[in-house]
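Below: one structure, written as C-alpha cells.
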Amino acid sequence: MTSRNLAYLSNYSIYSAMFLYTIAFFAHAVEVSFSVKTTEVSEKTSFDFSRTDRAGRIGTAMMILGFIFLFAGVILRGASAHRVPWGNMYEFSITGALAFSGAYLFALVKYKLRWLGLPVSIAVLLTLGTAVTVLYRPSAPLVPALKSTWLAIHVSAAIVSGGVFLLANTIAATYLILDRMEERGGRSEWAKKLPSLETLDQLSYRLVAFVFPLWTFAVIAGAIWAESAWGRYWGWDPKETWAFITWVAYAAYLHARVTAGWRGRKAAWLCLFAGSTFLFNYIYVNIYGTGRHTYSGL
Amino acid sequence: MRTALILLMMLGLASIPGSLFPQRNQNPMKVREFFKNNPTLAQWLDKAKIFDLYSSPWFSAIYILLFISLIGCVLPRTFEHIKAIGKKPPLTPKFLDRMEGFAELDRPVDGTLDLAEKWLKKNRFRVRREELSISAEKGYSRESGNLLFHLSLILILLAVAAGGLYGSKGETILNVGDRFINTPTSYDNISFAKFQREGDMVPFSLRVLDFKASYDVKTNAPTDYTLQVAAANPIGSKEVLKTIKVNSPLTYGNTKIYLQANGYSPVVAIRDKSGKLIFEGAVTFLPQDGNLTSIGAIKLPDMSPQIGMVASFLPTADRSPTRGAFSSFPEVLDPRLLVSVWMGDLGLDSGVPQSVYRVDTSKMKRIGLKSLKLNEIYNFGEGTLLFEGYKSWVNLQIVDDPGKMYALFGAIFAILGLLTSLFTRQRRIWIKVDGRVQIAGLAKNGVPGLDEELAALKKTLEGLEG
Chain A
1 MTSRNLAYLS
11 NYSIYSAMFL
21 YTIAFFAHAV
31 EVSFSVKTTE
41 VSEKTSFDFS
51 RTDRAGRIGT
61 AMMILGFIFL
71 FAGVILRGAS
81 AHRVPWGNMY
91 EFSITGALAF
101 SGAYLFALVK
111 YKLRWLGLPV
121 SIAVLLTLGT
131 AVTVLYRPSA
141 PLVPALKSTW
151 LAIHVSAAIV
161 SGGVFLLANT
171 IAATYLILDR
181 MEERGGRSEW
191 AKKLPSLETL
201 DQLSYRLVAF
211 VFPLWTFAVI
221 AGAIWAESAW
231 GRYWGWDPKE
241 TWAFITWVAY
251 AAYLHARVTA
261 GWRGRKAAWL
271 CLFAGSTFLF
281 NYIYVNIYGT
291 GRHTYSGL
Chain B
1 MRTALILLMM
11 LGLASIPGSL
21 FPQRNQNPMK
31 VREFFKNNPT
41 LAQWLDKAKI
51 FDLYSSPWFS
61 AIYILLFISL
71 IGCVLPRTFE
81 HIKAIGKKPP
91 LTPKFLDRME
101 GFAELDRPVD
111 GTLDLAEKWL
121 KKNRFRVRRE
131 ELSISAEKGY
141 SRESGNLLFH
151 LSLILILLAV
161 AAGGLYGSKG
171 ETILNVGDRF
181 INTPTSYDNI
191 SFAKFQREGD
201 MVPFSLRVLD
211 FKASYDVKTN
221 APTDYTLQVA
231 AANPIGSKEV
241 LKTIKVNSPL
251 TYGNTKIYLQ
261 ANGYSPVVAI
271 RDKSGKLIFE
281 GAVTFLPQDG
291 NLTSIGAIKL
301 PDMSPQIGMV
311 ASFLPTADRS
321 PTRGAFSSFP
331 EVLDPRLLVS
341 VWMGDLGLDS
351 GVPQSVYRVD
361 TSKMKRIGLK
371 SLKLNEIYNF
381 GEGTLLFEGY
391 KSWVNLQIVD
401 DPGKMYALFG
411 AIFAILGLLT
421 SLFTRQRRIW
431 IKVDGRVQIA
441 GLAKNGVPGL
451 DEELAALKKT
461 LEGLEG
C-alpha cells in the first residue's frame, strides 16, 4: 500500500474513532442522567435498574472500540511516513488522546471507574476534534533534527505521562466537585453512584506516584537527546523550563502527601495546578512559544 | 526539608519569566527587538536580569541555597539510614488490636512462632524474635531509594555547576574545502568558562570534504543533512574520514562537534577596470527562509572609490509579482545571484563594528543592479563581477563540557532511586502469643497490599491445624 493510502486510512480510522467516542459519550450521558430516575423511583415502581447499567456497558464497549480504532489510526499514521508518529502537534494530540483513554481503560480493569467515562469521552472528543480541524498536517517525513531513536523514547514517555497526569487531574476535579456538594448538604442524585471521596483522593495520588518516575525519565531522555542534537543537555528552552516546572509541581505534590500528610481538598488543588502546568507547556509553548522545540508545533 | 521544598518551588517559579521573555543567550535578536518596542519596561526588566535570567545572581542564589539545604537534609538521613542497616526491628507494641489488620487466630500457641518465623523469613522480612512475640519489618529499600534519589539530585547540581566553571563553547562557519584547527583564534565566537584554559582544548583539525542536504520534493522540508570531514587528532596525525549528522556529533572525549546550520556561499571573481583581479573566493550568505533565499554582502574597500555589493543568492530562482525574485526550492537547481552595486564610503574606518552580511549604504550611491546566471559576467562600470559558482557552508558548534557525564550518572541513579522508593512498600507485622495468638500489621503511608499479606500469613498459621 502506498504512503498516501496509509495516510488516508489513518484519517478514516481516526474519524471512526471519533464516531465511536461520540456514541460512548451519549451512552455514558444516558447512564448518568437516567440513574437519577432509578434511585428516586425504583422503590415505588418496577423501574428497570439494568437499563442504565446496560447504557454504561455500551459506553465502555464503545470506548474500547474507539481505542482500537484510534490505536490503528496512530499506527497507520506512523506507517504512512515510515517513522514513529510523533513529528508534529497533530500527531502528539492523537497519540495523547490515545494515551489518555488507554490510561482510563487500564484503570477501569482495576477500579470501579466507569463513572469517569463521561468526562473522559468529552476530553478525548475535544482533543481529537481540535486535532483534525486546527492541527491537521499531511503526513510527511521528519526533519533531520527529529531523526533519532530518542524521538520514540522521549516523546512516548512524555505523551504517556501526560495522559496519566490528565486522568489524575480529571479525578482530582471530580473530587473537588463532590466535596463541594457534600459540604452543601449531600451529593446530587446522579453523583451518589460515584465512589467515596477517600477513594478518589487515593486514586489520583496513586496515578501520579505511578507516572512521576516516567515523567522524570521523559525529561532526562529529552536532556540526553538535546545533548546529542543541540550541544547541551539543558539550556532553559521554554519547553525545558516548563517541563521542569511540571516536575517541581508534582514533586511538591508527592512530598505534600507523603511527608506533610496533605489529603483531600488541598492535595486535589495542588494536583490540578501541577496538571495545568503540563497543559500550559503543551498548548502555550507549542503555539506561542519560541525556542528549539518549535518544529513540534504547528 | 520544608526549606528545601520551598526553595525547589521558588526555583520553579523563578524560571517562569525566562520562558516568557526572550533570553540573550538563546535569542539576542528578540531581546534587541523587545528593547526597541518597550524601551522603559525593557530597562527595568534588564535591571532585574530578566533577559539573562538563568545566569543571574538571584537565580543562582536560589540554586545554591537549594543545594545547601538539600545536603543539610539528605546527609544526616543517610548516616542514620546506614546505621540502621542490620539492626533489628523495634519491639512488638503492647496493644496489637489498635493496629491495622488486627486478628486473633483460632489455633494453639505451640509452634506458632516457629511457623510464623519461617514464613516471614521466606518472604524476606527482617525478624526480631522475643520470648512471646515476633516483630518483623520489610521494605527498608524504600528509604535507600529515597536517599539515592536525593543524593543523585545533588550530583546533578554539582555536574551543572562543573559545566559552568569548566569547558568551552564556540561556533565556526566553514565552506566545503575549508580546514579548521581547534584553537581559539579559529572560531567565529567562543566563550570559555571561568577555570578553563586554552591548553585544555582538544588539539584536532578538520577538513570539510563534502556536505549533502536532501529535501522532500513535496513540502521542501529538509530530510537529511550529511557532513563528511577528514579529521586528525592530534593535529598532524593521519586524517580519518568522519561523518557528522544533526543527531550524531563527532566526539573527542568531552568535546563534541555538532552540525548546527548550513547555507550557501556564492563564489565570485571581481576585477577592476584594468582587468586586475581584486577579489576571488566564496562569500558566506545568510539563509532567510526555508528555501534558502540567502542574503550577503561583498565589500571591496581596496577599490577606489570603495565598492559594496548588497546581494542575494537564490538556489532555485523564481519570480512572482508580489514577492519579486525568490527561491522556490532549497537545492541548487537554477541559481541566481542578484546584486545591487554601491559606490562611496563603506564606513569601515569609523570604528563601529559592522555586520559582514550587510553594507552600510548611508554614504554610498547605487550604480547598478543585476541578476546573474552561473558564469555570467556583469560590468558595473567600475569593474566586472563574475558569478563563478557556489559552495555549501556549515555552521559547526564545538562544545567541551566536562560535567555532563556526572549529570548523566546522576540522572540514571535518580531514576533508579525514585523507582525503588515509590514502588517499595514498607510495613511491619507482629505476632504475639500470650495465651492467645494475635497478629497485626502496619503499612507506612497506608500503601495497599498489607491486608493480603496478613491474610496469607493467617492462612499459613491456621492451616497447621487441619
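If you read the sequences in order, they're chains A and B. If you read the first sequence in our numbering, its first letter stands for residue 1, the second for the next number, and so on. If you read the second sequence in our numbering, its first letter stands for residue 1, the second for the next number, and so on. Just so you know, even glycine gets a beta-carbon here, dropped at the ideal spot from N, CA and C.
_As a quick exercise: from B:Asp97, B:Lys138, B:Leu115 and B:Ser340, pick the residue whose alpha carbon is nearest that of Arg427 (chain B)._
Per the Cα distances, B:Lys138.
_My parser needs the alpha helix (DSSP H) runs of 4 or more residues fully inside the stretch 100–125 of chain B; what are they?_
Runs found: 112–122.
*Which residues in the same chain as Ile514 (chain B) place their Cβ atom closer than 8 Å to its Cβ, once the five residues preceding and following it in sequence are excluded?*
No answer is possible for residue 514 (chain B): it lies beyond the span of chain B, which begins at 1 and ends at 466.
*For Tyr54 (chain B), which residues in chain A fall below 7 Å Cβ to Cβ?*
Under the 7 Å cutoff, chain A gives Trp236.
*Just the Cα atoms here: how many angstroms apart are Asp289 (chain B) and Ser265 (chain B)?*
Computed Cα separation, rounded: 15 Å.
*Determine, using beta-carbon pairs with one atom in the stretch 184–191 of chain A and one in the stretch 99–112 of chain A, whether at least three such pairs fall under 8 Å.*
Touching, no, given that fewer than three Cβ pairs across the two stretches are closer than 8 Å.
*Endpoints, the alpha helix (DSSP H) within which Asn37 (chain B) is located*: Bounds of the alpha helix (DSSP H) holding Asn37 (chain B) are Pro28 to Asn37.
*With respect to the beta strand (DSSP E) encompassing Ile398 (chain B), which residues constitute its N-terminal and C-terminal limits?*
Ile398 (chain B) -> beta strand (DSSP E) spans Gly383 to Asp400.
*Between the stretch 242–265 of chain B and chain A, which residues of the former have a C-beta closer than 8 Å to a C-beta of the latter?*
Correct list: Lys245, Val246, Asn247, Ser248, Pro249, Lys256, Tyr258 and Gln260.
*Quick one: is the Cβ of Ser276 (chain A) within less than 7 Å of any heavy atom of the ligand ATP?*
No copy of the ligand ATP appears in this structure; indeed no ligand is present at all.
_Buried versus exposed, by CB contacts within 10 Å (16 or more), Glu240 (chain A)_ = Classification of Glu240 (chain A): buried, given that the 10 Å Cβ count is 16 or more.
*Taking only beta-carbon atoms, is Glu198 (chain A) less than 8 Å away from chain B?*
So, not an interface residue.
*Out of B:Lys242, B:Val310 and B:Pro321, point me to the one whose CA is closest to Leu338 (chain B)'s CA.*
Checking every option, the nearest Cα to that of Leu338 (chain B) belongs to B:Val310.
*asked:* Is the beta carbon of Leu5 (chain B) closer than 8 Å to that of Ile62 (chain B)?
replied: Cβ distance not < 8 Å, so Ile62 (chain B) and Leu5 (chain B) don't count as in contact.
*Quick one: grab the DSSP three-state call for Pro266 (chain B).*
It is a strand residue.
*Rounded to a whole number of angstroms, what is the C-alpha to C-alpha distance between Trp234 (chain A) and Leu157 (chain B)?*
As the crow flies, the alpha-carbon of Trp234 (chain A) is around 12 Å from that of Leu157 (chain B).
*Could you tell me which uninterrupted beta strand (DSSP E) segments, each at least 3 residues in length, are contained entirely in the stretch 124–168 of chain B, listed from first to last along the chain?*
Taken in chain order, the complete beta strand (DSSP E) segments of 3 residues or longer contained in the stretch 124–168 of chain B are 126–129 and 133–138.
_My output table needs one value for Pro119 (chain A): the three-state DSSP class, helix, strand or coil._
Note: Pro119 (chain A) maps to helix in three-state DSSP.
_Is it buried or exposed, Thr40 (chain B), if we count other Cβ atoms within 10 angstroms and call 16 or more buried?_
Counting other Cβ atoms within 10 Å of its Cβ, Thr40 (chain B) stays below 16 and is therefore classed as exposed.
*Have a look at B:Gly145, B:Glu453, B:Lys212 and B:Pro315 and flag the residue whose alpha-carbon is nearest the alpha-carbon of Ala414 (chain B).*
Ranking B:Gly145, B:Glu453, B:Lys212 and B:Pro315 by Cα distance to Ala414 (chain B) puts B:Gly145 first.
*For His82 (chain A), count neighbouring Cβ atoms within 10 angstroms of its own Cβ and tell me buried if that reaches 16, exposed if not.*
Exposed.
*With a Cβ-Cβ cutoff of 8 Å, do Ser13 (chain A) and Gly73 (chain A) count as a contact?*
In this structure, Ser13 (chain A) places its C-beta atom within 8 Å of the C-beta atom of Gly73 (chain A).
*In three-state terms, what does DSSP make of Asn175 (chain B)?*
Note: Asn175 (chain B) maps to strand in three-state DSSP.
*Grab the span of the beta strand (DSSP E) containing Trp262 (chain A) for me, first residue to last.*
For Trp262 (chain A), there is no enclosing beta strand (DSSP E), since its DSSP letter is neither H nor E.
*Considering only C-alpha positions, which residue in the set A:Phe273, A:Phe212 and A:Pro85 is nearest to Leu142 (chain A)?*
The option with the nearest alpha carbon to Leu142 (chain A) is A:Pro85.
*Note down, in chain order, each residue of its chain lying with its Cβ closer than 7 Å to the Cβ of Ile71 (chain B), except the 5 sequence neighbours on either side.*
Hits under 7 Å: Ile154.
_Boundaries of the beta strand (DSSP E) in which Phe95 (chain B) is found, first to last residue_ = Premise fails: Phe95 (chain B) is in no beta strand (DSSP E) and is neither H nor E.
*Can the beta-carbon of Pro330 (chain B) be found closer than 8 Å to that of Asn233 (chain B)?*
Going by beta carbons, Pro330 (chain B) and Asn233 (chain B) fall outside the 8 Å limit.
*When the distance is taken between beta carbons, is Gly59 (chain A) closer than 8 Å to Ala24 (chain A)?*
Between Ala24 (chain A) and Gly59 (chain A), the CB-CB gap stays under 8 Å.
*Can you tell which of B:Thr255, B:Tyr225, B:Gly170 and B:Leu45 has the C-alpha that lies nearest to the C-alpha of Phe211 (chain B)?*
Closest option to Phe211 (chain B), judged by alpha-carbon separation, among B:Thr255, B:Tyr225, B:Gly170 and B:Leu45: B:Tyr225.
*Report the three-state DSSP secondary structure of Asn286 (chain A) (helix, strand or coil).*
In the structure shown, Asn286 (chain A) sits in a helix (DSSP, three-state: H, G or I).
*Step through the CB atoms of chain A and report whether any lies within less than 8 Å of the CB of Tyr166 (chain B).*
Interface criterion not met: the Cβ of Tyr166 (chain B) is under 8 Å from no Cβ in chain A.
*Just how far apart, CA to CA, sit Phe35 (chain B) and Tyr54 (chain B)?*
In this structure, the CA atom of Phe35 (chain B) is about 19 Å from the CA atom of Tyr54 (chain B).
*Would you mind reading off the limits of the beta strand (DSSP E) that contains Glu280 (chain B)?*
DSSP places Glu280 (chain B) in the uninterrupted beta strand (DSSP E) bounded by Leu277 to Ala282.
*What residue from B:Ala443, B:Ile439, B:Ser421 and B:Gly449 has the CA that sits closest to Thr460 (chain B)'s CA?*
The shortest Cα separation from Thr460 (chain B) among B:Ala443, B:Ile439, B:Ser421 and B:Gly449 belongs to B:Ile439.
*Is Leu13 (chain B) buried or exposed, if buried means 16 or more other CB atoms sit within 10 Å of its CB?*
By the 10 Å Cβ count, Leu13 (chain B) comes out exposed.
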